[in-house]
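Comments concern the structure below.
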Amino acid sequence: MPQLKQLTLVDDLPSADETPPTVQQKETPLRKKMVARRGTELFGKAVLREAIEILPHTPDTESLDVVRQFFRNNLHFNSEQTRVRYTNYIIRRMFPEGYADKSLRIFANHFSQSRDLKEVCFYRFMQAEPIVFNVLNDLILPSLTTGKVTRQRIREYLKNRYPSSKSINDCAKGIVDALIAGGLVTADRIKLTFGVREISLPAFTFVLHSEFPEPGMYDISKIESNTSIQSMLWNPNRILPSLYELRNMGLISKISEIDNVRQFTIKWTLEQAVELLISGGKKA
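Note that our numbering has the sequence shown beginning at 1, numbered continuously upward.
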């Protein structure tokens, strides 16, 4: 990964005469937000490993029609029916806003085959599949001290939530496959193994600006208590040091710790932050 420059910062939001990272202006295509899946939260196939593999090659367009056709033509399955079905899974989970957003496309292209891309794709997957989020919060996080959860425990958890479902085993496998593909756990036939993880700064940048999408000032406690960030299994003791590192890189504007007031300032949108991250930093 390219080294990011450390910057001299202006500790506020962009002023009227300040030029943020370039975001190309173009005609906006018709955007239709993905319709939530009907029925239960259960799913069968994760297809996250395939998403991580193909996303770096996504065409440079916001058009989901173009991206969908590309995925259908290039996923490594012989059956056209399988490629069509898996393409729909990937599109719904990775691009839930109804267009192929530039922030994920350029992040995937730049961080291809990296831990960073795995974590960012898992983050989006978790937002699209709430049952994964629930398993993390109800089973994985409470078991961090032992670092183990059995596959049987996940199946029992799902059975208790959905007693009439016939898809428990398939969903349990899909959840484990997603956790493995995202790099959060390792697993054998019996159990999942995991632990607190070091923070990956590029992935942290992406998740932070996704959870706090509007430039402005926020309490640091909002990051520390953010359940999506907790679900990434990042070391909570590294949150504040990581914020300071992002501040030094110019990826956030300001951190203030005065008495009991602890705040940070988001300066860029997600797309701008990713462009700045990839460029190696840019003075305000």
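In this text, a Cβ means the ideal position worked out from N, Cα and C, and glycines have one as well.
Quick check on THR87: does DSSP put it in helix, strand or coil? helix
Do ALA172 and ILE154 have their C-beta atoms within less than 8 Å of each other? yes
Let me know if ILE190 comes out buried or exposed under the rule of 16 or more other beta-carbons within 10 Å of its beta-carbon. exposed
Quick check: what's the CA-CA separation for ARG85 versus HIS209? 30 Å
Looking at the secondary structure, which residues open and close the beta strand (DSSP E) in which GLN152 lies? Note, GLN152: premise wrong, no beta strand (DSSP E); alpha helix (DSSP H) at 151-161.
Can we say the region 148-164 touches the region 79-94, given the rule of at least three CB pairs closer than 8 Å? no
At what residues does the beta strand (DSSP E) containing LEU192 begin and finish? 191-193
Can you tell me whether DSSP reads GLU214 as helix, strand or coil? coil
Spatial neighbours of GLU271 within its chain, please: C-beta separation below 8 Å, excluding the five flanking residues on both sides. VAL23, ASP101, LYS102, SER103
CA-to-CA distance, SER228 to VAL35, given in whole angstroms: Any reading at VAL35 is ruled out, since the residue's pLDDT is 48, under 50, leaving its predicted position unreliable.
Return the CA-CA distance between ASP219 and THR193, expressed in angstroms with no decimal places. 33 Å
Cβ-Cβ distance between SER167 and LEU42 below 8 Å: yes
Can you check whether the CB of ALA181 is closer than 8 Å to the CB of ILE52? yes
Would you decide whether LEU64 is buried or exposed? Buried here means 16 or more other CB atoms lie within 10 Å of its CB. buried
CB of VAL120 within 8 Å of CB of ILE175, strictly: no
Once DSSP output is grouped into helix, strand and coil, what is the label at THR265? strand
Going straight from the alpha carbon of ASN88 to that of ARG262, what length do you get? 42 Å
Where LYS166 sits in the DSSP three-state scheme: coil
If we count the other Cβ atoms within 10 Å of its Cβ and call it buried at 16 or more, is ILE258 buried or exposed? exposed
Roughly how many angstroms separate the alpha carbons of GLU211 and GLN69, rounded to a whole number? 30 Å
Contact set for VAL67: own chain, Cβ-Cβ below 8 Å, skip 5 residues either direction: THR58, PRO59, THR61, ILE91, PHE95, ALA100
Between the CA atoms of ASN260 and ILE54 - distance to the nearest angstrom: 46 Å
Could you check where the beta strand (DSSP E) with LYS45 kicks off and where it finishes? Element bounds for LYS45: n/a, residue is neither H nor E.
Please determine whether the Cβ atom of ASP60 lies at a distance below 7 Å from any heavy atom of the ligand ADP. Annotation note on the ligand ADP: not contained in the displayed structure, which lists no ligands.
Whole-Å CB distance - GLY195 paired with GLY147, under 8 Å assumed: 5 Å
Take PRO202 as the anchor and find which of PRO56, GLU245, ASN73, MET126 has the nearest alpha-carbon. GLU245
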